[in-house]
Amino acid sequence: MKLSRRNMLKVMAATGAGGLTFGWKAFVDRPAGLARATALRGETRIMSVCQACPSGCGIQARVVDGVAVKLEGSPIHPINQGALCPKGQAALEMLYHPDRIPGPLRRVGPPGSINPADWEPISWREAITEIAGRLASLREAGEPHRLAFALGETKGQMNDLFERFAAAYGTPNVIRYDSLSHQLVKTAHLLTLGVNALPAYDLENTRYILNFGGSLLEAGRFTQRYIGGISYTRRGQPNRSRMITIDPRYSVTAAKSDEWIAINPGTDAMLAMGIARFIVGNKLYDEEFVREYTMGFDDFDDENGVRHMGFRSLVLSEAYDLDRVAEITGVESTTIARLAGEFAQNRPAIATLPIRGGLHTGDANGLYTAMAITALNALVGNIEQPGGLLLQHEPAFAPWPEYFVDDIAAEGLAQPRIDGADNDPLAEHVLQNLGANLNTGEPYAIDTLFLYHVNPAYVAPGGQRFTDALENVGLVVDFSSFMTETAAHADLILPDHTFMERWQDVPWEGLGFAGFGLSQPVVTPLHDTQHTGDILLILASALGGPVRQALPYDRFTDLLQYRIGGLEDADWETLIRLGKWGHGPYTFAGRGSEEWQYIVGRDRRDAYRDGRFDFWSRELYYRLSGINPADLGIKATGDEVMLPHYEPITYHGDEDEYPFILNSFQLMALGEPEYTSNLPTLQEIIGMHVGVRWDGWVEMHAEEAARRGLADNDRVWVESPFGRVKTRLKIVHSNHPEVVNIPDGQGHTANGRYANGRGANPNALLPPESGLAGTAAFSNTRVKVYKAEE
Amino acid sequence: MTRWGMVIDLDKCVACQACTVACRMENNTPVVSPEESELGRSILWNEVFPLESHAELAAEDTGADFLTRPCQHCDNPPCIKVCPVQATYKSDETGGQVLQRYERCIGCRFCTVACPYGVRYFNWYAPEWNPEIARHLNPDEEVSPRARGIVEKCTFCIQRLHKAEQLAEEEGREFRASDYQPACVQTCTGKARFFGDLDDPDSLVSQLARSRRAFRLLEELGTRPKVIYLKEG
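In the order they appear, the protein sequences are chains X and B. Going from the first sequence to our numbering is simple: count from 1 and add 521. Going from the second sequence to our numbering is simple: count from 1 and add 44.
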């Protein structure tokens, strides 16, 4: 029996919400069994997709007697081509982990408790009945906007499912974690190229890579894609590319680069502008491209006859005199000139952006840095051509069914977002704000919050604020597989399958051409877990009306098959066997072609979609109309606001009291899903480059340590104006002396037996504020480091 | 004769440690406690480390900051000469891997001292896994967990050779060198590892071993390793 919302409300009236029953049965995902059986011991190999980080590598599981005993990279998957990184290799420890949440739980103890006695098992039926009743009442009361979703890395159809559910139900509050991760890369591309998407790079055909701050080979979001592309070019002379890494920290990526530039922290935009000045001043840029396909390179008059400064005038102005650039960046002017010359004359050359780290500075510095670096690619015309910046194409899935937006939904969707993203002209998601807004109840109180694959209490600067705030929410539901810091504050935990037990499409990123990997169960689910997609569809079915109309599927696999059915030559059986669908190689949109005209400017909301790259951002100009840039923390004025430029980071903490700048960095051994820190094998290899295992650390330059009388392995406090953490000191010889580095991912206070209580969480030292485009502040905090009493 | 060898291109290697973990998952090496691993007693048959911490290994300038180190499978291995019970031996009939007969090993650790590369690992304690995590252990007989008090080491994943040969036989075809590769080679993220027959002059490993960039660790000791590195650049 399936219930429409109206029927369900009748049932509720008759039985009370607690007694609500409907046609829900336990779903069991099973491996599809189309795997190639080898002659040996009846083993099977099942194709799937690793989701231990956002890369989306294809995997091949070796399954013996129903037990997964080894994962290999899928040799036919274009992202990893047979390779698999340590996180993927260790993921079996996650599947068979003793800390997995075995079934639905209700918290009966104090918030934040990780003591099993404070949690009582409940049935899926009971949990879903409660939630369905609550959502129905909330909607009936005309307050659907008081439902919110906080989403971590959410791939493919799951992302669409959440968004459709929310839109049909009537809430604007689908809040993704982009502001904690990669938002500015997208925003910078939107404001310049007019494409609101992460970049793809044709690394295989690149001759020269200027890598600004990105740990491309360790933690670059599409890490395996970067490694594959860059290692391909390293096949001896004369084909070998050169890679220059610009980073205050001597990362593994820097060590693997041909040259490391230990730039002053936060001055990457200055260096990019200095390089641009040399290229422009010496006419080394691609003149045809700049003339025909860009906007705002030269000074121009707008339609009202007002004169505006272009990029050329700005980079040639005194502000970017190479001696001044050298002074601010700490990079010698001769080096700047050489880098500029090499970049302009070894085409195709590409300038790459960091995905997180340095860009999210909590002010306007990060966005303009990303724009300045992107402008370098435009100067050498390296867009949509071999060896250059590509656009990631998406598969054309079957269209979603139409549904009726009723009055309740329309009114709910018209409400302001709870994270305040609509108060910022550039923000899309501001997850770190959620805590503050929940605390104040402004603009309204949230009734029900769903958390999916995200742990803001750990990962957001000022995470503590978040956990306190959760107490103000009527019902907090977390779909986590492990007891994270955030899950420990939930009212209900409805554990999702792990990625080796669930169906999921994982669209390709970073390759350019469209395609996806199919994640399928490699084993029957070990515990009483359910696919979160199935749970949402049951809720949609229980709610009935427009929500059911928008999502007329009983199971997530039905939805997936429907959507995939729309693809050209996609056959379900073949898909299961190969574990992927896609069409390469990439076809470049030639300059000025029809495709080019469509792509360049595609996602501009207010400015012309005219196939021109904006040095002077028209999109930004329109978005800021009626807004004083200073109110957004932009220090520049006039035309400079619309142009890439350098503005210094405003640091928290007085330089005399807090002599170091804190840099939190990502490790190869840990992925974004935080269960990776709870895998014993990854703990054993975690700090290979500094000789640390099973612990966290802070890296400091040897001379600075000597000056303070600190020795290697000393226990130290790292203190910022916002808090302090205790950890182990590691002395390094190659590092910017003014910067100390703490790896992200250790310092958990929950999260499982192998993760809890090791090292320090750098996010606990950061300010709970947002910069331009709603991005969190990861790199604008000064710290002091002093010896801890044992 | 087949002579299995490995080439590791340090220009492509990104020190990601996938080899380290793939080896563990394939060969059932145990996780040791934090205290033991702090003492340097981790059992990782293929460890990656900064070269500055093991400067003695590469006398010449490799250009690399990191080294990934499996057993070098020497053609003239010092470890077998000191073993009092012939537990360790070079398996010429399977292509020259240096192997260990665990049931013979008496745990004297002469071999771990004799090995100039430091790739022989001693089980100070009985290996332990959390019983749930232990479900994923590789069921192949060759890699059943080793007991306390014995030495273990990289085998070039000898179990994979056995399976590849068996598979070729069942499929009624000849075994090819490309049927067999160790777990670390298969998983390598930078595609920095190559594996094949060094006695076949046309094999890729033979060609790479003749490259100008090729060198062997501690070549001057006369151990004649079958693992060949390529310098950066």
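For each residue, glycine too, the CB sits at the ideal point set by N, CA and C. Quantities reported herein were computed from a predicted structural model and do not represent experimental measurements.
Do we get a CB-CB distance below 8 Å when we pair M69 of chain B with the residues of chain X?
yes
Quick check: is any heavy atom of the ligand FAD less than 7 Å from the C-beta of I643 of chain X?
The ligand FAD is absent from the structure shown, which contains no ligand whatsoever.
Return the CA-CA distance between K676 of chain X and V1027 of chain X, expressed in angstroms with no decimal places.
6 Å
Does the count of Cβ pairs from the segment 606 to 616 of chain X and the segment 573 to 584 of chain X closer than 8 Å reach three?
Short answer: they touch.
By how many angstroms is the C-alpha of Y1074 of chain X removed from the C-alpha of T969 of chain X?
23 Å
Could you tell me the distance, in whole angstroms, from the CA atom of A612 of chain X to the CA atom of A870 of chain X?
Going from the Cα of A612 of chain X to the Cα of A870 of chain X covers about 36 Å.
Below 8 Å, can you find three or more Cβ-Cβ pairs linking the segment 1120 to 1136 of chain X to the segment 589 to 607 of chain X?
no
Is the CB-CB distance between Y814 of chain X and R1112 of chain X below 8 Å?
yes
Under 9 Å Cβ-Cβ, which residues of chain B neighbour H618 of chain X?
Neighbours of H618 of chain X on chain B, chain order: N174, E176, I177.
Say whether the segment 199 to 208 of chain B touches the segment 1288 to 1301 of chain X, bearing in mind that this needs 3 or more beta-carbon pairs closer than 8 Å, one atom from each stretch.
no
Do we get a CB-CB distance below 8 Å when we pair N90 of chain B with the residues of chain X?
No, its Cβ sits nowhere closer than 8 Å to a Cβ of chain X.
From which residue to which residue does the alpha helix (DSSP H) around A847 of chain X run?
Taken as a continuous stretch (DSSP letters only), the alpha helix (DSSP H) holding A847 of chain X covers 843 to 850.
In terms of alpha-carbon separation, which member of X:E725, X:Y747, X:R697, X:G663 lies closest to E1030 of chain X?
X:Y747
Suppose only complete runs of 3+ residues qualify. What are the beta strand (DSSP E) ranges in the segment 930 to 994 of chain X, listed by chain order?
969 to 973
Compute the Euclidean distance between the alpha carbons of L991 of chain X and A1011 of chain X, then round it to the nearest angstrom.
8 Å
In or out: Q866 of chain X buried (at least 16 other Cβ within 10 Å) or exposed?
exposed
Assign I1252 of chain X to one of three DSSP states: helix, strand, or coil.
strand
Residues of the segment 226 to 237 of chain B with a CB closer than 9 Å to any CB of chain X: list them in chain order, please.
A227, Q230, T231, C232, T233, G234, K235, A236
Output the boundary residues of the alpha helix (DSSP H) element that contains V229 of chain B.
Per DSSP, V229 of chain B belongs to the alpha helix (DSSP H) from 227 to 231.
Keeping to the same chain, check which residues put their C-beta closer than 8 Å to that of P920 of chain X; ignore five residues upstream and five downstream.
G1087
For chain B, is any of its Cβ atoms less than 8 Å away from the one on Q745 of chain X?
True, the Cβ-Cβ gap to chain B drops below 8 Å.
Hey, N1184 of chain X and R770 of chain X: beta-carbon distance below 8 Å or not?
yes
Using a Cβ-Cβ distance under 8 Å, would F154 of chain B count as near chain X?
Closer than 8 Å: no.
What separation, rounded to the nearest whole angstrom, lies between the Cα atoms of E100 of chain B and G862 of chain X?
Roughly 39 Å separates the two Cα atoms.
Using the DSSP secondary-structure output, state which residues sit across from D1233 of chain X in a beta bridge.
Residue pairing by DSSP leaves D1233 of chain X without any beta bridge partner.
So P1180 of chain X is in the alpha helix (DSSP H); what residue range does that whole segment cover?
Counting along the chain, P1180 of chain X falls outside any alpha helix (DSSP H), and DSSP gives it neither H nor E.
Give a yes or no on whether the minimum CB-CB distance between L181 of chain B and chain X is below 8 Å.
yes
Any contact between the segment 1237 to 1250 of chain X and the segment 1279 to 1286 of chain X? By contact I mean 3 or more CB pairs, one from each, below 8 Å.
yes
Tell me the residue span of the beta strand (DSSP E) that contains V1043 of chain X.
Counting along the chain, V1043 of chain X falls outside any beta strand (DSSP E), and DSSP gives it neither H nor E.
Taking Cβ to Cβ, would you say G673 of chain X is nearer than 8 Å to H974 of chain X?
Yes, these two residues count as a Cβ contact at 8 Å.
Is the segment 67 to 82 of chain B close to the segment 615 to 624 of chain X, with three or more CB pairs under 8 Å?
no
To the nearest whole angstrom, what separates the beta carbons of G1038 of chain X and P875 of chain X, a pair I think is in contact under 8 Å?
Between P875 of chain X and G1038 of chain X the Cβ distance is about 25 Å, and since that is not below 8 Å, they are no contact.
Taking buried to mean at least 16 other C-beta atoms within 10 Å of its own C-beta, is F925 of chain X buried or exposed?
exposed
State yes or no: is the C-beta of E678 of chain X within less than 8 Å of the C-beta of R1084 of chain X?
Residue identity differs from the one stated: residue 678 of chain X is Gln in this sequence, not Glu. Contact flag set, yes.
Strictly under 8 Å for the Cβ-Cβ distance: is A212 of chain B near chain X by that measure?
no
Is the CB-CB distance between H117 of chain B and Q141 of chain B below 8 Å?
yes
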